[in-house]
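Taking it in order: structure first as structure tokens, then the write-up.
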Amino acid sequence: MRKAAARIGLLTGATLLAGCTPAPAPVDGLPSAPPRPGADAPPTTAACSPEGIRITGLGVSAAMGLRAMGLDLVNCGDRPYELRGYPAVALRDADGDAIRVRIIPGAAPITSGFDHPPTRIVLAPGERAGAALIWRNLVTDPTVVATAGTELDVAPSTGRPAYPVALDGPIDLGNTGRLGVSAWKRRDSAPATQAPPRSDPPAPSTSPVNPL
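Here the sequence shown stands for residues -3 to 208, numbered as in the working numbering.
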């Protein structure tokens, strides 16, 4: 009995010591634990490009199948930057494959209100210009697969370098295969806010908010 009691006492003491032992300190050089799901991530901002511009998307405004997405270009360099005409855009699907789409300067076949003529714009450092993408989420032929662009590249104009622009949702062209692009237009100030992510179904309206 005395030996059994002694063993119990030793085991109890060892357990108490283990419970009081501090957790080992992290070892330098090991990766830290990944952030838990749902943790707030720091906001990301597109970097200033080597040619001194930054292009960002302003979210999508939706209305009864008609979509409009604003583009914002800021001269973040240290010298004047000249713009002429229309942005050059390219779409890719979720697999990164190019989507064949007919790019329409202006938007006359799609809707009205986005057809201001292109002009020469010279942006001083810190100044900005805007443009818009316009399309319809419309399925007119059940034999043609609907397409949706999940990656967008935008160049200031044809022949200049293109830059990835983050999307808040797919550019859902249906099977129209058409994307309207407005000409660049000088902005007097930065856009107040980005458009909220669109919801499905869209709010009942006949025309989207013009992002210019």
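Ideal placement from N, C-alpha and C gives every residue a C-beta, glycine not left out. A quick note: this is a predicted structure, and the numbers were derived from the prediction, not measured.
Proximity of residue i and residue j at Cβ, strictly below 8 Å
i	j	result
Leu175	Val56	no
Phe110	Ser153	no
Asn171	Thr146	no
Ala125	Arg182	yes
Pro114	Arg80	yes
Asn71	Gly155	no
Gln166	Leu54	Here residue 166 is Pro; the residue named in the question, Gln, does not match the sequence. It is not a contact, given that the beta carbons lie outside the stated cut-off.
Ile51	Val140	no
Integer-rounded CB distance, given that residue j should sit under 8 Å from residue i
i	j	result
Pro119	Tyr77	Looking at the sequence provided, one finds Leu at residue 119 rather than Pro. That pair is a contact at about 5 Å.
Leu69	Ile95	At roughly 23 Å, the Cβ-Cβ gap does not stay under 8 Å, so Leu69 and Ile95 are not in contact.
Asp209	Ala86	One cannot answer for residue 209 here, as it falls past the ends of the chain, which runs -3 to 208.
Ile106	Trp131	7 Å
Option in the options with minimal Cα separation from residue i
i	options	result
Asp168	Ala43, Arg88, Lys181 and Ala104	Arg88
Gly61	Val135, Thr52 and Ala151	Val135
Met65	Ala103, Val141 and Asp184	Ala103
Ala84	Ala162, Val161, Pro157 and Ala151	Ala151
Ser45	Ala162, Arg116, Trp180 and Pro157	Pro157
Tyr82	His112, Asp93 and Ala90	His112
Arg116	Glu47, Ala58 and Trp180	Trp180
Arg63	Ser185, Ala128, Asp91 and Asp137	Ala128
Leu67	Asp93, Asp91, Ala42 and Pro138	Ala42
Leu59	Ser185, Asn133 and Pro138	Inspection of the sequence shows that residue 59 is occupied by Ala rather than by Leu. Ala59 has its Cα closest to that of Asn133, out of Ser185, Asn133 and Pro138.
Gly73	Asp184, Glu47 and Asp93	Glu47
Gly173	Ser108, Asp137 and Asp91	Asp137
CB contact below 8 Å: residue i versus chain B
i	result
Val150	The structure shown contains no chain B; it is built from a single protein chain.
Uninterrupted beta strand (DSSP E) stretches inside the stretch 115 to 150 (no shorter than 3 residues):
117 to 119, 124 to 132 and 143 to 145
What residue ranges within the stretch 57 to 123 form continuous alpha helix (DSSP H) runs of no fewer than 4 residues, ordered along the chain?
none
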